[in-house]
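Per our numbering, the very first residue in the sequence shown carries number 910; after that it's consecutive.
Below is one structure; the comments refer to it alone.
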Amino acid sequence: MPEPAVIPTLAFDKVTVEYRSRSTVHRALTELSFEVAPGEAYGLVGESGCGKSTAAFAAMRYLGEGAQIAQGSIRFEGVDIGTLRPAELRALRGRRMAMVYQDPMSSLNPVMTIGRQLAEVPLLHGERDRKKAWDRAVALLSEVEIPDPQGIMARYPHELSGGQQQRVVIAMALMTDPTLLILDEPTTGLDVTVEAAVLDLVLRLRQRHNTAVLFISHNLGAVARVCDRVGVLYAGRLVEEGPVHEVFRDPRHSYTRGLLACLPSISARNGRSLVSIPGSMTAEARTTPACAFAPRCELAEDRCRRSSVPLEPIPGSATHRARCLRAGETVVRKILPAPARGSAREMPSALVISKLEKIYEVEGGLLRRRYRVEALKDVSLTVRRGSTLAIVGESGSGKSTIGRILLGLTEADGGAIRFDGIELGRTPLDHRPLDLRRRLQMIFQNPDSTLNPSHTIGFALMRPLRRLRGLSREEAHREAIRLLELVQLPADLMSRRPDRLSGGQKQRVAIARALAAEPSLVVADEPVSALDVSVQAAVVNLLGELQTRSRLSLVFISHDLGLVRHVADDVAVLYRGRVVEYGPVEAVFSPPFHPYTEALLSAVPSVEASARGQTVRLHDPVPIRSPASSTGGCAFAERCPQRISGLCDTTVPARREVAPGHEIACHLIGNAAECDRSRGQPILSEGAN
């Protein structure tokens, strides 16, 4: 007798979602169909605006005013949620279905303790015993591996790190043992080590509780680590679907190939420009009966633009499907060589940082005592003319503090920064001459925080041209149009305000504004972390081209190590304000590694099978505001899996050269025998990846 078919936890059946206003109808999803089985993780990927989050909100029936499911049905455990009354929906949400958002603070009440917020969930869903609800919250915090769960229960959200906040939100979602967990960009903006911990947590929890997971992300490496199957969305349509490693290893739709080609490799420096997808998604693409991707596809034919394209199985596979007339063909993409830049090591130094120090006084502990925190300690780095120095490390490592001192937004407390022979460390922005301000510019992570919503793009570009370069209004207008063309934007954007631009367009405007002053050095602080992979590739290629053309020096601050390997000449790895490793990019990304560098590299999620290996797990650090965080030894000793007892926790390691230009600050250098005796591990593992 055949076994009964397993009912999917979540099933979309030809779902079309439309947003209606008085004059227009905007289609967000078109006949979307997919299923998520119990215990399965299904990934939805695609560019911003493709419909990923709309699918998540539709599954929870959270679609806002003006939005409606115009066609099809969404079934949860076999029940059409469109037929449920409001009271039935409220009983379902948070109990059987739960959602985790990108920003954990959007789900946490800043004026309530973590304990009250967690215990409130089961109490709202029928639990009458407050002690049982409290004990359940403590148990869930332990399950999501938050240290000292009893102590965390008494804290407020702002007292937790970003990774701890995200784990609290996941614990909150699991309080009632839901059968469906929807994760909408849950790791965007997190450090690579925290991201790895959250992804591992999702894997363990779904296996332990047999929870179905809908994982929405533009991070293809995260999807490869977590998901069993993946669906690729474009303009509201599913264009490819199948087992995640099969789709990523052998993509059959041009859009999927384009997304994968945009990714920089963590396992090797590519020696090529990143491949960005030309053009952008249009409103017409959402309604055309033909291939929506045809206007942007380098392989499109006339039949692609006039024929309806169904989602059909790939020849030889029953589970891999693609919506492409050429899906059965083997296609080799054109690879563009990276522009030659010559040897940066032969160029003179543009920026020299010597023994830089910065100290903050903060409050911490139960008695709210004031403590001195060394944000930067003995930092020495060099940026050569026309080269890129990447600075990497977790949040709180001091990366952005270096950038702020360079730009004069804060002053150093010790050491020196010399830019073309000019001292910057103790010269605030207001005291810098106009020419110096012109030659030093910054690109911030969030362009919305630097573009005035009340002014047009033309005003934003013309102001530095007139103020810093002394151009007339007519000259500034012509130069602003040239800058837009330089960053591959149309001139008609001059009259638009920032809210009329996409995220990628706003970031390109921010780059154009930084270049308006004709700077010699640009500090780029996480300039592409929130962008889609295609836009990210275009922005990175643009910076490389500009650097080649004008010998621009670049300080690139990032936690994306794959991107760092692609763009950098030299890399500095910071941990709690100290340089633990420094050298040429190829040397830093090859063994021997500092244990912290090894942990960062192993934590990077990747779609490449060759780059996936065992993650070096690090426990959460002691909070930086705690007096216990100031030790007399190596700052990383408390988390290091290879520390030498009695040495690492008492003596600060010196930076030692392990190869020409490659320095590592670690006691394991020259102490291999003692490391072997204490840990039984090889010195500085030969295989982080």
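Think of the CB as a built atom: it goes at the ideal place given N, C-alpha and C, for glycine as much as any other residue.
Remember, predicted model here, so these are calculated numbers, not experimental data.
| said: Please state the DSSP three-state secondary structure of E1320. | reply: For the purposes of this step, residue 1320 is taken as residue 411 along the sequence shown, with counting starting at 1. Coil, per DSSP.
| Mind checking whether A1425 and T1297 have CB atoms under 8 angstroms apart? | Taking the sequence shown and counting its residues from 1, one reaches residue 1425 at position 516. Taking the sequence shown and counting its residues from 1, one reaches residue 1297 at position 388. Not closer than 8 angstroms, so no.
| query | Relative to the alpha-carbon of T1560, which residue among A1546, H1571, P1550 and C959 has its alpha-carbon at the smallest distance? | reply | Here the question's residue 1560 lines up with position 651 in the sequence shown. Minimum Cα distance to T1560 is reached at A1546.
| task | Taking 8 angstroms as the threshold, find out whether the segment 1184-1195 comes into contact with the segment 1140-1151 through three or more Cβ pairs. | result | yes
| query | Do G1295 and Q1456 come within 8 angstroms of each other at the CB atom, strictly closer than that value? | reply | Locating residue 1456 in the sequence shown gives position 547, where the first residue counts as 1. Locating residue 1295 in the sequence shown gives position 386, where the first residue counts as 1. A contact, by the Cβ cut-off of 8 angstroms.
| field | Range covered by the alpha helix (DSSP H) that runs through M969 | value | Taking the first residue of the sequence shown as position 1, residue 969 is located at position 60. First-last of the alpha helix (DSSP H) with M969: K961 to M969.
| DSSP puts D1479 in a beta bridge; with which residues? | By 1-based counting over the sequence shown, the position of residue 1479 is 570. In the DSSP output, where bridge partners are listed per residue, D1479 has L1298 and P1493.
| On the three-pair Cβ rule with 8 angstroms, is the segment 1369-1389 touching the segment 1328-1338? | no
| Neighbourhood of E1104 by C-beta distance below 6 angstroms, restricted to the same chain and skipping five residues each side | One-based indexing of the sequence shown puts residue 1104 at position 195. So the qualifying residues of the chain are T1096.
| query | Does DSSP put I1311 in a helix, in a strand, or in coil? | reply | Position 402 of the sequence shown holds residue 1311. DSSP places I1311 in helix when its eight states are reduced to three.
| Taking C-alpha atoms, which residue in A965, P1356, Y971 and L1463 lies nearest to G1413? | Reading the sequence shown from its first residue, position 504 is the one you call residue 1413. Nearest option by C-alpha distance: P1356.
| said: Relative to the C-alpha of S1226, which candidate in D1057, D1159 and E1495 has its C-alpha closest? | reply: For the purposes of this step, residue 1226 is identified with residue 317 of the sequence shown, where counting begins at 1. If we check each option's Cα against that of S1226, D1159 comes out closest.
| query | Cβ of D1401 less than 8 angstroms from any chain D Cβ? | reply | The structure shown has no chain D; it contains just one protein chain.
| task | Express the C-alpha separation of I1300 and S1258 in angstroms, rounding to a whole number. | result | Along the sequence shown, read from residue 1 onward, the residue named residue 1258 stands at position 349. Along the sequence shown, read from residue 1 onward, the residue named residue 1300 stands at position 391. Their backbone Cα atoms lie some 17 angstroms apart in a straight line.
| said: Just to confirm before moving on: does the CB-CB distance between R1205 and P1219 stay below 8 angstroms? | reply: To locate residue 1205, count along the sequence shown from 1; it is residue 296. To locate residue 1219, count along the sequence shown from 1; it is residue 310. Taking 8 angstroms as the Cβ cut-off, R1205 and P1219 do not qualify as a contacting pair.
| alpha helix (DSSP H) containing S1511: first to last residue? | As a first step, residue 1511 must be located in the sequence shown, where it is residue number 602. First-last of the alpha helix (DSSP H) with S1511: P1504 to A1512.
| field | Close-in-space but distant-in-sequence residues of the same chain around A1249 (CB under 6 angstroms, 5 per side omitted) | value | What you label residue 1249 is simply residue 340 of the sequence shown in a count that begins at 1. No answer about A1249 holds up, because its pLDDT of 47 lies below 50 and its placement is not dependable.
| task | Tell me, to the nearest whole angstrom, how far the beta carbon of L1183 is from that of C1171; I am working on the premise that it is less than 8 angstroms. | result | In the sequence shown, counting from the first residue as 1, residue 1183 sits at position 274. In the sequence shown, counting from the first residue as 1, residue 1171 sits at position 262. Correct: roughly 6 angstroms between the Cβ atoms.
| request: Inspect the beta-carbon positions of V1448 and P1436 and report whether they are closer than 8 angstroms. | output: Your numbering for residue 1448 matches position 539 in the sequence shown. Your numbering for residue 1436 matches position 527 in the sequence shown. Yes, the pair counts as a contact, with Cβ atoms nearer than the cut-off.
| request: Keeping to the same chain, check which residues put their C-beta closer than 6 angstroms to that of M1008; ignore five residues upstream and five downstream. | output: Walking along the sequence shown from the start, residue 1008 turns up at place 99. Closer than 6 angstroms at Cβ, skipping near neighbours: M969 and I1091.
| field | Cβ contact check for the segment 1314-1324 and the segment 1390-1405: 3 or more pairs under 8 angstroms | value | no
| said: Suppose the cutoff is 7 angstroms on Cβ atoms and the five residues either side in sequence are ignored; what does the same chain contact list for R1045 look like? | reply: Here residue 1045 refers to the residue found at position 136 of the sequence shown. If we look at R1045 and ignore the five residues flanking it on each side, its Cβ neighbours are P1031 and M1084.
| said: Once DSSP output is grouped into helix, strand and coil, what is the label at M1014? | reply: In the sequence shown, residue 1014 corresponds to position 105, counting from 1. Correct three-state label for M1014: helix.
| query | Assuming L1349 contacts L1315 under a Cβ cut-off of 8 angstroms, what Cβ separation, rounded to an integer in Å, is found between them? | reply | Start at 1 with the first residue of the sequence shown, and residue 1349 comes out as number 440. Start at 1 with the first residue of the sequence shown, and residue 1315 comes out as number 406. L1349 to L1315, Cβ: 7 angstroms. Contact.
| query | Does the separation of the CB atoms of M1014 and Q1074 fall below 8 angstroms? | reply | Taking the first residue of the sequence shown as 1, we reach residue 1014 at position 105. Taking the first residue of the sequence shown as 1, we reach residue 1074 at position 165. Closer than 8 angstroms, so yes.
| field | The beta strand (DSSP E) enclosing F1465, as first and last residue numbers | value | The residue given as residue 1465 occupies position 556 in the sequence shown. Taken as a continuous stretch (DSSP letters only), the beta strand (DSSP E) holding F1465 covers S1462 to I1466.
| For L1108, which three-state DSSP category applies? | Sequence index remark: in the sequence shown, residue 1108 carries index 199 (1-based). Helix at L1108.
| said: At the level of alpha carbons, what is the spacing between M1256 and P1056? | reply: Walking along the sequence shown from the start, residue 1256 turns up at place 347. Walking along the sequence shown from the start, residue 1056 turns up at place 147. Computed Cα separation, rounded: 48 angstroms.
| query | beta strand (DSSP E) containing A950: first to last residue? | reply | Taking the sequence shown and counting its residues from 1, one reaches residue 950 at position 41. Taken as a continuous stretch (DSSP letters only), the beta strand (DSSP E) holding A950 covers A950 to V954.
| For the alpha helix (DSSP H) that contains A1080, what are its first and last residues? | Sequence index remark: in the sequence shown, residue 1080 carries index 171 (1-based). Per DSSP, A1080 belongs to the alpha helix (DSSP H) from G1071 to L1083.
| query | Given a threshold of 16 other Cβ atoms within 10 Å of its Cβ, counted over all protein chains shown, does E927 qualify as buried or as exposed? | reply | If you number the sequence shown from 1, residue 927 lands on position 18. Looking at its Cβ environment, which holds 16 or more other Cβ atoms inside 10 Å, E927 is buried.
| message | Just verifying my parser: in three-state terms, what is the DSSP assignment at G1151? | response | The residue labelled residue 1151 in the question sits at position 242 within the sequence shown. It is a strand residue.
| said: Rounded to whole angstroms, what is the Cα-Cα separation between Y1164 and S930? | reply: The residue you call residue 1164 lines up with position 255 of the sequence shown. The residue you call residue 930 lines up with position 21 of the sequence shown. Roughly 30 angstroms separates the two Cα atoms.
| message | Can you check which of these residues, G981, L1112, I1466 and E1036, is closest to R1004 by C-alpha distance? | response | The residue given as residue 1004 occupies position 95 in the sequence shown. Comparing Cα positions, the closest option is E1036.
| message | By the three-class DSSP mapping on this structure, what secondary structure does M1008 have? | response | Taking the sequence shown and counting its residues from 1, the one referred to as residue 1008 is at position 99. DSSP places M1008 in strand when its eight states are reduced to three.
| said: Is the beta carbon of L1470 closer than 8 angstroms to that of L1452? | reply: Here residue 1452 refers to the residue found at position 543 of the sequence shown. Here residue 1470 refers to the residue found at position 561 of the sequence shown. No; because the gap between Cβ atoms is not below 8 angstroms, this pair is not in contact.
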